[in-house]
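*Asks:*
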Amino acid sequence: MLEKLDKYCDTNETFDLLPYLRRYGMDVVAETTMGISIDAQNCSNDQYYETLEIVFNLMWARIRYPWYWFAAIRWLSGYDQKLDYYCNICKKLTSQIIAAKKKEWEEFDNQPSIEELSAGGKKQLTFIDLLFSVRDKYNLTDEDIRGQVDMFMVAGSDSVSAQIGFNLFALGHRQHYQEKVYQEIRNVTGDTPRDITMDDFNELKYLFQCICETGRITPNIVVIGRKIDIEIDLSMNY
Numbered sequence: 361m362l363e364k365l366d367k368y369c370d371t372n373e374t375f376d377l378l379p380y381l382r383r384y385g386m387d388v389v390a391e392t393t394m395g396i397s398i399d400a401q402n403c404s405n406d407q408y409y410e411t412l413e414i415v416f417n418l419m420w421a422r423i424r425y426p427w428y429w430f431a432a433i434r435w436l437s438g439y440d441q442k443l444d445y446y447c448n449i450c451k452k453l454t455s456q457i458i459a460a461k462k463k464e465w466e467e468f469d470n471q472p473s474i475e476e477l478s479a480g481g482k483k484q485l486t487f488i489d490l491l492f493s494v495r496d497k498y499n500l501t502d503e504d505i506r507g508q509v510d511m512f513m514v515a516g517s518d519s520v521s522a523q524i525g526f527n528l529f530a531l532g533h534r535q536h537y538q539e540k541v542y543q544e545i546r547n548v549t550g551d552t553p554r555d556i557t558m559d560d561f562n563e564l565k566y567l568f569q570c571i572c573e574t575g576r577i578t579p580n581i582v583v584i585g586r587k588i589d590i591e592i593d594l595s596m597n598y
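Heads up: the sequence shown runs through residues 361 to 598, numbered per the working numbering.
(1) Considering Asp560, what are the terminal residues of the alpha helix (DSSP H) in which it resides?
(2) Identify which residue in Asn527, Tyr380 and Val415 has its Cα closest to the Cα of Met513.
(3) Note down the Cα distance separating Lys364 from Leu381, rounded to an integer number of angstroms.
(4) Do you know offhand how far Met511's Cα is from Lys565's?
(5) Using a Cβ-Cβ cutoff of less than 8 Å, which residues in the same chain neighbour Ala421 once the five nearest sequence positions on both sides are dropped?
(6) Which class does Leu365 belong to by DSSP, given the choice of helix, strand or coil?
(7) Alpha carbon to alpha carbon, how far is Phe430 from Tyr368? Give it in angstroms, no decimals.
(8) Can the beta-carbon of Phe492 be found less than 8 Å from the beta-carbon of Lys461?
(9) Which residue marks the beginning of the alpha helix (DSSP H) containing His536, and which one marks its end?
(10) How would you call Gln441, buried or exposed, if buried means at least 16 neighbouring beta carbons within 10 angstroms?
(11) State the Cα-Cα distance for the pair Met361 and Trp435, rounded to the nearest angstrom.
(12) What distance in whole Å lies between the Cβ atoms of Ile545 and Arg506, which are believed to be in contact at a cut-off of 8 Å?
(13) Out of curiosity, what's the CA-to-CA distance linking Gly516 and Lys497?
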């Protein structure tokens, strides 16, 4: 994402950041949830990305428009049929991932617990690994696992992108806090450019506090939602 945003750094051009954040959020959630690379940022799997966008917009429409609260209207208007069609596309991919993961777990002679996998440090554990580790204990079916994964993919990618957007907005309007975050990152990573590691995250305590405070002030899950149809200029003190 940073490489794609770099072209705007030395210009005064304004642009919509949300599409970049949404694709980044989908890549992050796909990797941490299912352990796969969607590569949405490079448009490598645009069908899946666009399908999830449609599913999310349909879900939002059901919340926003009162007439969609009635099952008869949803069916007569074709809403339910459209939602089912695009949900089935998403289910097809997650079902393939679950089948592959199930085969991988069945190859273990004695299926390890999540603690044993974590202690081994052989791979980065994902949400689907956690579900398979407790599958027998809680009698989880493939359908149960797929439902959880689908929910994280649809809701999780939007939550990640929205929260990052709020964080950038807050730091962008408060330069002194932004400078503190920057200096902390430099102190942890040093002067040589490199990727951030999990150990680095444990040391970025001030950044963590900023993220938590932003989440408190501007939570991305709302009780009452509104949608604007025109651009609005927000004051610097917003």
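Even for Gly, the Cβ is constructed at its ideal location relative to N, Cα and C. Model, not experiment: these values are computed from the prediction.
*Replies:* In brief:
(1) Met558 to Glu563
(2) Val415
(3) 11 Å
(4) 30 Å
(5) Tyr428 and Tyr439
(6) helix
(7) 46 Å
(8) yes
(9) Gln535 to Thr549
(10) exposed
(11) 40 Å
(12) Between Ile545 and Arg506 the Cβ distance is about 38 Å, and since that is not below 8 Å, they are no contact.
(13) 26 Å
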